[in-house]
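Quick note on my numbering: the sequence shown kicks off at 23 and runs consecutively. Where a beta carbon is used, it is the ideal one built from N, C-alpha and C, also for glycine. This structure is a prediction, so every number in the text was calculated from the model and none was measured.
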Amino acid sequence: SSSGCAGPCSACACTGGLRKFWRRLRRRGDRERRRAGSRRLGGEEDDSPGGHPGRPKRHEPVVLNVYDMGAGDAAKAMNEVFRPVGIGAYHGAVEVFGREWSYGFTEEGEGLFSCEPRCTTQHRFREAVPLGPTSLSRREVAQVLRQLEWPGQEYDMLRKNCCHWCEEFCRHLGVKSPPPWVNTLATEVAKIDDGVQEAVHNVTEVVVRARLHTAQLNEKIHDIVEAEAEKLKGQAEETWTSLVARADAFDQQLKLQVAHVASDWQRQTQDIQRAFDDFSYNGLSPWRRIPSKPFSSEQPGGPCAASRSGEPGARPEDVASAPPLAMRRGGI
C-alpha cells in the first residue's frame, strides 16, 4: 500500500496470512504447554461451558447470609433472646460468585431476586455461615437458578419461604444445608398450624357426619311417622265404617221393633174395639151391674123403668150410675 496501489497486493496478502497462521500456532502451543503443566501439577482442567480450557477448575465458596427479619428493631431484639435456644425469625440468602440470591413474595412473575452480598435493604444483616465450596461453574449455577425460579405468588412464610429456597439451592450446588436454627420457627409454627388444620378438618368431618346422620335419622323418623299415620288413618276409617254399619243395623232393628210394637198395639187395639163392638152388638155393656136377684114385674120401676132407661131389666139406680154411651161404645 506504500507503493500507491489501489488495493492490497498479493505479497501483502500472503504476508498477512502467514502472520495469522503463526499467531494461531503460537496460541495452540501455549495452550498445550499450559495443559501439560496442569497435568504435572495434578490439577483438573476447567472444560465446562463458560470455563477456560486448560485452566484448573475453580471451587467457588458458598456462604449463607443470615438477616434479622424486617428492618426494625423488634425482630433483632427477639432474635437476641431466642438465638441461644436455636429459634428466631430470620431471612436467608445464598452468596456465590460474588452475588447474593434469595426468594420472596411478588404479585406476579418469579420471586427470585439478587443483590450485592449483605446489602438487602428490607432486612438487617446478622451473620454469615460458610457452607463450603461448589464445583459448579458460573454457567451451571445460572442453569440451576433458572430451574429454581419459583413463582412469587406461591410464597408461604411457613411452608415455602426464603429459607426453604436457600436449602434447595444449596442442595443443587452440592454444599452443606443451612443450619436448622435459621428456619426452626417457621417449621415449628407450620407443625402447629398443621395440627390445627387437622383438628379443624376432623371437627368439620365430625360435624358433616353428624349432620348426615341427623338427616338420615330425621328421614327415618319421618318415614316411620308417615307409616304410623297411614296405619292409624286406615284403622280410623275401618272403625268409622264399622260404627256406621252398626248404627245402620241398630237403626234397622229399632225400626223393626217399633213397627212390630206398633203393629201389636194396633192389633190389640183392634181386638179391644172388636170386643166392645161384640158386647154392644149382643146388647151387653161392660159397665152393667149384674143384680143379685132377677127383676120382676112387680118390683117398682120394673120392666117399664128398664125400657125407659133403654136397657131391659135395668133399674133406675143402675141407669143413673151408668157411664155415658160414648164411654160404653168408644172404649176406655
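Helix, strand or coil, according to DSSP, for residue i in the structure here?
i, result
"residue 115", "strand"
"residue 124", "strand"
"residue 136", "strand"
"residue 200", "coil"
"residue 291", "helix"
"residue 108", "coil"
"residue 101", "helix"
"residue 299", "helix"
"residue 130", "coil"
"residue 224", "helix"
"residue 90", "strand"
"residue 66", "Confidence in residue 66 is poor, its pLDDT being 42 and thus under 50, which makes the residue's placement too unreliable to answer from."
Here's a check: name, in chain order, each residue in its chain whose Cβ is nearer than 8 Å to the Cβ of residue i, leaving out the five neighbours to either side.
i, result
"residue 200", "86, 114, 151, 153, 185, 188, 189 and 192"
"residue 136", "121, 122, 123 and 124"
"residue 168", "none"
"residue 71", "Below a pLDDT of 50, predicted positions are generally treated as unreliable, and residue 71, at 46, falls in that range; the measurement from the model is reported next regardless. So the list reads 159, 161 and 162, once near-sequence residues are dropped."
"residue 81", "155, 156 and 157"
"residue 143", "93"
"residue 220", "none"
"residue 138", "121 and 122"
Here's a check: name, in chain order, each residue in its chain whose Cβ is nearer than 6 Å to the Cβ of residue i, leaving out the five neighbours to either side.
i, result
"residue 212", "180 and 181"
"residue 166", "194"
"residue 128", "174"
"residue 197", "84, 153, 154 and 156"
"residue 285", "none"
Go ahead and label residue i buried or exposed: buried means 16 or more other beta carbons lie within 10 angstroms of its beta carbon, across all protein chains shown.
i, result
"residue 262", "exposed"
"residue 222", "exposed"
"residue 131", "exposed"
"residue 90", "buried"
"residue 224", "exposed"
"residue 145", "buried"
"residue 256", "exposed"
"residue 291", "exposed"
"residue 226", "exposed"
"residue 69", "Because residue 69 carries a pLDDT of 46, less than 50, the predicted location of this residue cannot be relied on, and no value is offered for it."
"residue 183", "buried"
"residue 171", "exposed"
"residue 332", "Annotation note: pLDDT 47 at residue 332 (below 50); position unreliable, coordinate value reported separately. Exposed, since its Cβ has fewer than 16 Cβ neighbours within 10 Å."
"residue 134", "buried"
"residue 260", "exposed"
"residue 117", "buried"
"residue 204", "buried"
Who are the Cβ neighbours of residue i in its own chain at under 7 Å, not counting the five residues just before and after it?
i, result
"residue 206", "108 and 109"
"residue 64", "Because the pLDDT of residue 64 is 37, which lies under 50, any placement of that residue in the model is unreliable, and the number read from its coordinates should be weighed accordingly. Same-chain partners within the cutoff: there are none."
"residue 98", "90 and 146"
"residue 288", "none"
"residue 236", "none"
"residue 111", "91, 97, 100, 101 and 207"
"residue 104", "110"
"residue 176", "182"
*Specify whether the region 86-95 and the region 149-158 touch according to this definition: at least 3 beta carbon pairs, one from each stretch, less than 8 Å apart.*
yes
_Can you confirm whether the region 245-257 touches the region 205-220 when touching is taken to mean that 3 or more C-beta pairs between the two stretches lie within less than 8 Å?_
no
*Which parts of the region 133-191 are runs of the beta strand (DSSP E), unbroken and 3 residues or longer, counting only runs that do not cross its ends?*
134-137 and 146-156
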